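Residue numbers (the numbering used here), protein chains in the order written: chain A, 449 to 737; chain B, 449 to 737; chain C, 2 to 264; chain D, 2 to 264; chain E, 4 to 336.
Every residue gets a Cβ at the ideal spot worked out from N, C-alpha and C, and that includes glycine.
The structure presented is a predicted model; accordingly, all values stated were derived computationally and were not measured.
Have a look at the structure below before the remarks.
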Amino acid sequence: MATRDRLTEEVAGLDALDLPKAPRVRRAVRLWAGFWPKIAALALALGLWQAVVWSGWKPTYVLPHPWTVLSELGRRVGDGTLMTAAGITLRRALVGYTLAVLVGTAIGSLVSRVKLLRVATGSLITGLQTMPSIAWFPLAILIFKLSESAILFVIILGAAPAIANGLITGADHIPPLLLRAGRVLGARRLALYRYVILPASLPGFVAGMKQGWSFAWRSLMAGELLVIIARKQSIGVQLQVARDLADAPGLMATMLLILIIGIAVDSLFFGTLDRAIRRRWGLMDPATS
Amino acid sequence: MATRDRLTEEVAGLDALDLPKAPRVRRAVRLWAGFWPKIAALALALGLWQAVVWSGWKPTYVLPHPWTVLSELGRRVGDGTLMTAAGITLRRALVGYTLAVLVGTAIGSLVSRVKLLRVATGSLITGLQTMPSIAWFPLAILIFKLSESAILFVIILGAAPAIANGLITGADHIPPLLLRAGRVLGARRLALYRYVILPASLPGFVAGMKQGWSFAWRSLMAGELLVIIARKQSIGVQLQVARDLADAPGLMATMLLILIIGIAVDSLFFGTLDRAIRRRWGLMDPATS
Amino acid sequence: MTATLSHGPAAHTKAAEAAVRVDAVSKIFGHGPEAVQALDRLTLQVDRGEFVCLVGASGCGKSTLLHMLAGLDSPTAGSIAVEGRTGLMFQEAALFPWLTVAGNVALALRLRGVGRAERRPLVTSLLEMVHLEGFASRRPHELSGGMRQRVALARALAQNADVMLMDEPFGSLDAMTRDLLHAELERLWTERRFTVLFVTHNVREAVRLADRVLVLTSRPGRLSASFRVDIPRPRRIETPAVSALAGEITEQLSVEVRRHGHA
Amino acid sequence: MTATLSHGPAAHTKAAEAAVRVDAVSKIFGHGPEAVQALDRLTLQVDRGEFVCLVGASGCGKSTLLHMLAGLDSPTAGSIAVEGRTGLMFQEAALFPWLTVAGNVALALRLRGVGRAERRPLVTSLLEMVHLEGFASRRPHELSGGMRQRVALARALAQNADVMLMDEPFGSLDAMTRDLLHAELERLWTERRFTVLFVTHNVREAVRLADRVLVLTSRPGRLSASFRVDIPRPRRIETPAVSALAGEITEQLSVEVRRHGHA
Amino acid sequence: GGGSGATTAVPDGNGAGTLTGTVRLGMFPNVTHAPALVGLGRGLFQEALGPGVKLELSYFNAGGEAIEAMFGGGIDMTFIGPNPAINGFAQSNGTAIRIVAGSTSGGAFLIVRPGITRPADLVGASLATPALGNTQDVALRAWLTDQGLTYDVAGGGDVAVIPQANPDTLRAFQAGDIDGAWVPEPWATRLIQEGGGVVLVDERDLWPGGRFVTTHLIVRTAFLEQHPDLVEAVVRADLAAIAFCNESPDEAQQIVNDQIEEITGKRLPDPVIAGAWETLDFTWDPIASSLQESADDAVTAGLLKPVDLTGIYALDILNRLLAEGGQAPVAGL
Ligand SMILES: Nc1ncnc2c1ncn2[C@@H]1O[C@H](COP(=O)(O)OP(=O)(O)OP(=O)(O)O)[C@@H](O)[C@H]1O
Ligand SMILES: Nc1ncnc2c1ncn2[C@@H]1O[C@H](COP(=O)(O)OP(=O)(O)OP(=O)(O)O)[C@@H](O)[C@H]1O
Ligand SMILES: [Mg+2]
Ligand SMILES: [Mg+2]
C-alpha cells in the first residue's frame with residue numbers, strides 16, 4: 449500500500465507538469481467521438497435512400513420515401529402498437545435466449561470436455577445449426593401444442609447450437625499453458641472447468657453468444673408466425689402482415705425497428721461485454737488499435 | 449541438418465527399446481476411434497426414436513417410424529430426386545457462401561482496421577445479422593427479379609455479417625504482443641494486415657465462417673422458396689412442400705438430409721480446417737485435451 | 002510402452018527416502034523422421050526434503066522432465082515416481098489474464114482447499130514476500146516481466162506442495178531482487194522442508210541454493226554429473242567457496258556442450 | 002502534452018552524434034489513483050554505433066523505455082528522438098505461432114524488403130548463428146524456452162536495424178550458449194556498427210558487452226549512474242577486470258534498491 | 004412501372020397477329036388453381052400465345068410473395084386469391100394491378116369435429132384460420148358475429164380464433180387440440196378425410212348464388228397497357244382451361260395432380276383432389292360483388308384500411324372474348 453500511496457503522490461505532483469487534467473471533459477469528448485460517426489452513417493444512408501427514390505427507379509409504393517417510412521414508424525410509436533409488439537417480441541426473445549444460453553452452455557461444456565461426446569456429436573451441433581426453423585415447427589407443435597412454449601422451443605433449437613459452438617471454439621483455443629497451469633494448481637474436472645476453462649474461453653463464448661442472439665432473433669421472427677395468439681402484434685407478425693399486405697412502408701418500418709433493436713442489443717450488451725473482457729485481459733493496446 | 453540426422457539415428461536406435469512401431473495400424477485405430485462413437489450415437493438416436501414411436505405417444509402419421517423415414521429417404525435416393533435437389537441446393541449454397549465469404553472478409557477487414565468505420569457501423573453488422581431473410585425478399589426481387597441472383601443475394605445478406613463479425617472478433621482478440629512484434633518488424637497497414645492480423649485472427653475467423661455457413665444455409669432454405677424456377681426441386685422446396693402437405697415422413701427425410709449435409713460439411717471442411725490450425729499453433733495438448 | 006507413472010503415497014513403499022525417482026526415462030516428441038528426443042534414459046533421484054538444482058544446456062530437456070514429474074506429460078519409456086503433491090512453477094509466468102495478481106495467488110489457495118477467510122491474509126503475506134504488495138489489484142498485463150515472474154513464484158509457493166518443481170524461477174529478476182528471494186525461498190524451505198527440484202542457468206545460483214547440483218548433457222538429456230554442495234548455510238552468492246564450485250560445475254557443463262556439439 | 006516523438010533522419014540535425022536521445026521523458030500508465038509512474042523525467046543519450054547496457058531493478062521501466070524508443074508507445078511527457086530504423090527484441094520471445102522457425106525469421110527479412118531468393122541463405126545463416134539450424138521447420142510451440150529466445154534473436158538480427166533495442170535477450174540461456182552468442186553479437190556489431198541499447202539483469206554480461214552501462218533507479222525509473230567500460234575488447238566474462246567493474250555497478254544498484262525500498 | 008418482357012405484335016399477312024416476346028406467368032401448385040394447372044398441363048397457354056412468345060413460369064406458396072414479385076417486376080401476370088389482389092391494388096393506390104378474368108369459386112368450409120352440429124355447440128371451442136386477416140379469417144369472424152358468438156382479441160370469448168398455418172391446423176385437429184377450422188381446399192377435404200371432421204358451414208351457402216371468388220387472374224397494369232394482345236392470349240387460354248375443367252373433370256383432376264407433383268415433387272392423394280373438386284366451381288366470372296363485400300368485412304373487422312376498389316377490374320378483354328363465344332358479359336366494379 450505504501451508503494452501505491454507514494455505513486456499517487458508523485459502523480460499528483462506531476463500534475464504541475466503537463467498531465468491530462470479533466471477526465472469529465474474527456475469522457476464527453478469520447479462519448480461524442482463514439483456518437484457522431486453513427487449519426488453520420490445514418491444520415492448518409494438516409495440520403496442515399498432518398499436519392500434512389502428521387503431517381504424514380506421504382507414507384508414509391510415499392511420503394512417508399514424515407515420520410516414515409518419514418519412517419520409510419522412514428523405513427524406506430526404514437527399509437528402504441530410498436531411498443532406493444534416490441535414488448536411482446538423482446539420478452540419472448542429474452543426468455544428464449546436466456547434458456548438457449550443455459551442449454552447451449554450445458555451442451556457446449558459437456559461436448560468440449562467429454563472426448564467421447566465430442567467425437568460422437570461434435571459435428572451434429574453444426575448440423576442442427578443449419579436446420580431451418582420451419583423444420584422444427586411440426587415437432588414444436590407436437591410437443592407444446594400451440595403455446596408460447598412452442599415459440600421458445602424454436603428459439604432454443606435455433607440459438608443453443610451457436611452458443612454451444614462458441615463455447616467449444618473458445619475452449620479449443622485456450623493456450624495449453626493456461627490449462628497446464630490450472631492442472632498444476634490442482635484443478636481437475638469441474639474445478640478445472642469452473643476456474644480455468646470457462647473464464648479462458650470467455651472471448652470465444654461471447655462471440656458465440658452474439659451469433660446465438662442473431663439465430664435466436666431470426667428463429668423468433670419465424671416462430672412468431674407459428675402461433676399468432678389472437679392479435680398479439682409481435683414484430684414477427686408485423687413483418688409477415690406487412691408482407692402479406694404488400695405494405696412497403698410497413699415492411700420497412702418493421703425492418704428499421706429490427707435493425708434498431710439489433711444495433712442497440714449489440715452495442716449496449718455484447719459491445720460492452722466484449723470491451724470489458726478485452727480491457728481486463730489487456731487486449732486493447734493503444735499502440736496497435 | 450546434422451543435428452536432425454543425428455536425431456533420426458538415435459530415434460532409430462531407440463526402436464529397439466519400446467517405440468510405437470506401426471503408424472499405419474495406429475491410423476486405422478484412430479479412424480475407427482473417430483467413427484464408432486458417431487455410429488453409436490446414431491444407433492442410440494434411432495433406438496430412442498423407435499421407442500417413442502412404439503410407446504404410442506403420437507400417431508404414426510405425426511411421428512412416423514424411423515424405418516418409414518429412412519425408406520422414404522432411400523426412395524428419393526433411388527429415383528434421383530434427392531440427388532437433383534441436393535445438387536441444386538448445394539451448388540447455390542457453395543456459390544452464395546463463397547460470395548458471402550468474400551464480402552464478409554472485405555467488410556470485416558475494413559471495419560476491424562478503420563476505426564471510424566468501426567464506430568460508425570460496427571453494431572450495424574450485428575443488426576443486419578438479426579434481420580430475418582424474408583425481410584429481404586422484396587428488395588431481392590426488386591433488384592434481381594425472380595432469378596438465382598435473388599437467392600444468392602439473400603444468402604449473402606444472411607451469411608456475410610456473421611463472417612465479418614467472426615473476423616472482427618478474431619482481430620479484436622489478437623494478443624497485443626504479436627501486433628507489436630509485427631509493427632516492430634516494420635509491418636504497417638496492409639502488410640500488418642496480411643502478415644500478422646489475418647493469420648492471427650484465423651481461429652476466430654474460422655469460427656465465424658462456420659456460423660456463417662449455418663446462416664447461409666438457413667437463408668438459402670428460405671430463399672429457395674422465393675423463386676421456384678423452372679420446377680427445380682431444391683431442398684428448400686422439398687421442406688416447404690412436405691410441410692404444406694403435412695407429410696411427416698417427407699419432412700423428416702428432408703430434415704435428415706439437411707442434418708447429414710450439415711454434419712458432413714462441418715466434419716470434412718470446418719473440422720479439418722480447425723484441427724489443422726490448432727495443430728500448427730500447438731493448441732492441441734495431449735496432456736490437457 | 003513400458004512407461005509407468007505413479008504419483009502419491011502409493012509409490013512410497015519403494016524407496017522410503019526418495020521423494021522423486023526417475024528411472025531410465027526417455028521422452029520423444031513426435032514420430033518418424035520428425036521426432037525429437039528430449040530425454041534419453043535419464044535416471045535420477047531426489048530425497049525427501051532435498052534441494053536439488055538442475056543445470057544443462059538450452060533445449061536439453063529440463064522443462065520436459067519437470068512437466069513429466071508434475072504429471073502433465075508422460076514419458077515415452079521408463080518410469081517416474083513422485084511422492085506427495087507436486088507444485089510447478091513454469092518457465093513462463095503462465096498467469097491467468099482474467100484474474101488480478103491477488104486473484105491468481107488466491108486461486109492456488111482455493112484449489113488447495115484454503116477457506117475464504119484465511120485466503121486474504123495468506124495472499125497478502127505471499128505478495129509481500131515477493132515485494133508486490135502494492136500490485137494486488139493489477140492484472141498480469143499491467144506488470145513488467147520480472148513482476149509477473151514474482152507473481153508466479155507467489156502462486157507456486159501458495160500451493161504448499163511437498164515437491165516443488167521450479168523452472169528458472171528467477172531468470173528475469175535483477176541481482177538484488179533475486180538475492181532477496183533466494184533468502185526467502187531458503188527460509189521457507191528450512192521451515193517446511195519440502196523437496197525442491199530447481200532448474201537454473203545460473204550456476205552460482207545453483208550452488209547458492211542446492212544440496213546437490215545435477216548436470217544434464219545436451220539434447221538428448223542424460224545425467225552427466227552430480228555435485229554435492231557442502232558449503233554451510235546460510236550461503237552468500239558472492240563468496241569464494243560458491244564461486245569456486247560454480248567454476249567447477251561450469252567447466253563440466255562446457256565440456257558437455259563442447260562434446261555434443263551445439264544444440 | 003508536450004510529448005513529442007520523432008523518428009528517422011529528421012531528428013538527425015539536432016545532434017549529429019546521438020542515435021538515441023531521451024529528453025526528460027516521463028511515462029505514466031493509467032489515470033487517477035490507479036496510475037503507475039514507470040519513468041520519471043529520464044534523460045539519456047546513446048551515440049551512433051555505441052553499445053549501451055541498461056540495468057535496473059525489476060519493474061523500473063526498462064521495457065517501457067525500449068517500447069517507446071521503438072515507437073510502440075508514446076511518453077506522457079518529454080521527448081524522444083531516434084535516428085534510423087529501430088529493431089526491438091522483446092522480453093518475451095513474441096514469435097508468430099502460425100509460422101515455422103524459418104518463417105518467423107524470413108518474415109522479418111521480407112518486411113525489410115529482402116527478395117525471395119536472398120531470403121533462404123540469410124535465414125539459414127541466421128539460424129546457424131543461434132545454433133538452431135536443425136529446427137528450421139519446427140513451430141514455436143515445439144521449442145524450449147531458450148530456443149524460442151534464440152529464434153527471437155535471429156529474427157531481431159534479421160531486421161538489420163540501425164538502432165538495436167534488446168530486452169534481456171539472453172535471459173533464459175545457459176552460460177555456454179550465452180557466451181557463444183555474446184561473441185556473435187559483438188562480431189556483428191563490430192562489423193556493422195549499429196547502435197545497441199541492451200537491457201540485462203546480468204551485470205557481468207553488461208560489462209562484457211557494453212561501451213557504457215547505465216543504471217536506472219527503482220520505479221519510477223530515472224538515471225542513477227553511468228559507467229564507462231574501458232576494458233579493451235575482445236573481453237571475456239570471467240576476467241577479473243570485468244568482475245571488478247561488475248562489482249562496482251552491483252554496489253551502485255543495491256544502493257539504489259535499498260534507498261527506494263523495494264518495488 | 005418497370006420494364007417487362009418486351010413484346011411487339013407483328014402483323015401477319017393473314018390479319019391475325021403472330022405474337023412475340025415473353026410472358027412471365029405465376030400460379031400456385033394448389034387445387035384452387037386448377038384452371039391454371041390444366042392450362043399448363045395441356046399446353047393451352049403456349050398454344051394461345053403462339054410459338055413466338057416465351058412463357059416463363061413462377062410458382063408461389065403465398066399471395067404476398069406473388070404480389071412482391073408483381074411489384075418488383077418479376078412477373079407479368081398471375082393467378083391469385085382475392086385478398087392479395089386487394090392488398091396489391093390498395094397499396095399501390097390503384098396503380099399496380101388489374102383483374103382481367105376469374106378462375107375459381109368456392110372451396111372454403113368450416114370443418115368441425117363430429118358432435119358439433121349447431122353454431123351454439125361452438126361455445127368454448129377453438130377454431131383455426133389460415134392467417135390473421137386472410138379471407139377465411141375474416142369470413143369466420145363475420146360469421147361468428149352473425150351467429151351471436153363472441154370472440155375477443157386475447158383468444159377468449161365464446162370462441163377462440165387461432166390463426167395458424169394450414170398444415171399445423173391439420174395436425175392440431177388430428178391431435179384434438181382444436182375443435183375446427185375455417186380453411187380453403189384442399190385442407191377442408193383433408194380435415195374431413197384425414198381428420199374425421201364434418202362440414203358445419205359451406206361458405207357457398209353464405210353468398211348470393213353460392214358463388215364467391217377464390218382465384219382470379221391479375222396482370223401488372225403496365226403490362227396490360229403495353230401488351231394487351233399477350234394478355235388476351237392468356238385470358239383465352241384461361242377460358243379454354245376452365246371449359247376443360249368443367250367438361251372433363253376426371254381428366255382435369257389427373258392433370259392437376261400431375262402438375263402438382265411435377266412442381267412440388269409430391270402428389271396429393273387422388274381422393275383429396277376429387278373431394279376438393281366437388282366443392283369448387285370453375286368460372287371466368289371474377290365475381291366482383293364478393294370481392295367488394297369481402298373487403299368490407301375485413302374493414303369492419305379492423306383488419307384492413309378502407310379501400311376503394313373502383314378500377315380494379317379490367318374486363319374489356321374478357322368480355323370481348325366472351326362475346327366472341329356468344330356468352331353474356333361479366334360485370335366489374
Ligand atoms: N511439444 C513439443 N513438441 C516437439 N518437441 C518438443 C516439445 N516440447 C519440447 N520439445 C523439444 O524437446 C527438447 C527439450 O525441451 P525442453 O523445453 O525440455 O528444454 P529445456 O531443457 O527446458 O531448455 P531451456 O533451457 O531452453 O528451457 C527441445 O529440443 C524441444 O525442441
Ligand atoms: N500496460 C501497462 N499498464 C499499467 N502499468 C504498466 C503497463 N506496462 C508496464 N506497467 C508498469 O510500468 C512499470 C515498468 O514496467 P516495465 O515493464 O518497463 O519494467 P522493466 O524495467 O522492464 O521490469 P523487468 O525487469 O521486470 O522486465 C511497472 O511497474 C509496470 O507495472
Ligand atoms: Mg525449459
Ligand atoms: Mg522488462
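Same chain, Cβ closer than 7 angstroms to residue i, five either side skipped, listed in chain order
{"i": "residue 569 of chain A", "result": "559"}
{"i": "residue 548 of chain A", "result": "603, 604, 607, 608, 611, 660, 664"}
Minimum Cβ-Cβ distance from residue i to chain E less than 8 angstroms
{"i": "residue 693 of chain A", "result": "yes"}
{"i": "residue 678 of chain A", "result": "Below a pLDDT of 50, predicted positions are generally treated as unreliable, and residue 678 of chain A, at 49, falls in that range; no measurement from the model is reported."}
Cβ of residue i within 8 angstroms of any chain C Cβ
{"i": "residue 631 of chain A", "result": "yes"}
{"i": "residue 643 of chain A", "result": "yes"}
{"i": "residue 634 of chain A", "result": "yes"}
First and last residue of the uninterrupted alpha helix (DSSP H) at residue i
{"i": "residue 586 of chain A", "result": "581-592"}
{"i": "residue 639 of chain B", "result": "637-640"}
C-beta contact flag for residue i and residue j at 8 angstroms
{"i": "residue 127 of chain C", "j": "residue 151 of chain C", "result": "no"}
{"i": "residue 198 of chain C", "j": "residue 44 of chain C", "result": "no"}
{"i": "residue 142 of chain D", "j": "residue 173 of chain C", "result": "no"}
{"i": "residue 159 of chain D", "j": "residue 123 of chain D", "result": "yes"}
{"i": "residue 1 of chain D", "j": "residue 56 of chain D", "result": "As shown, chain D starts at 2 and ends at 264. That puts residue 1 of chain D outside it, with no answer to give."}
{"i": "residue 105 of chain E", "j": "residue 300 of chain E", "result": "no"}
{"i": "residue 1 of chain C", "j": "residue 195 of chain C", "result": "For residue 1 of chain C there is no data in the structure shown, the boundaries of chain C being 2 and 264."}
{"i": "residue 271 of chain E", "j": "residue 241 of chain E", "result": "no"}
{"i": "residue 56 of chain E", "j": "residue 22 of chain E", "result": "yes"}
{"i": "residue 222 of chain D", "j": "residue 39 of chain D", "result": "yes"}
{"i": "residue 321 of chain E", "j": "residue 333 of chain E", "result": "yes"}
CB contact below 8 angstroms: residue i versus chain B
{"i": "residue 706 of chain A", "result": "yes"}
Residue interval of the beta strand (DSSP E) (run including residue i)
{"i": "residue 185 of chain E", "result": "183-187"}
{"i": "residue 59 of chain E", "result": "56-62"}
{"i": "residue 693 of chain A", "result": "Where residue 693 of chain A is concerned, there is no enclosing beta strand (DSSP E), given that its DSSP letter is neither H nor E."}
{"i": "residue 59 of chain C", "result": "Taken as a continuous stretch (DSSP letters only), residue 59 of chain C belongs to no beta strand (DSSP E), as it is neither H nor E."}
{"i": "residue 216 of chain D", "result": "213-217"}
is_contact[residue i, chain D] using C-beta, thresh 8 angstroms
{"i": "residue 615 of chain B", "result": "no"}
{"i": "residue 724 of chain B", "result": "no"}
Residues within the segment 506-521 of chain A neighbouring chain E, beta-carbon criterion of under 8 angstroms: Taking 8 angstroms as the cut-off between beta carbons, the residues of the segment 506-521 of chain A near chain E are 506, 507, 509, 510, in sequence order.
Proximal residues, the segment 126-139 of chain E versus chain A, C-beta separation under 8 angstroms: Here the close residues are 134, 135, 136, 137.
Members of the segment 58-73 of chain D near chain C, C-beta cut-off 7 angstroms: Answer in chain order: 58, 59, 60, 64.
Residues, ordered as in the chain, of the segment 172-184 of chain C that lie near chain D by beta-carbon distance below 9 angstroms: Against chain D - using a Cβ distance shorter than 9 angstroms - the residues of the segment 172-184 of chain C are 172, 173, 174, 175, 176, 177, 178, 179, 180, 181.
Under 8 angstroms (Cβ pairs) to chain B, residues found in the segment 146-166 of chain D: Residues passing the 8 angstroms Cβ filter: 156, 160.
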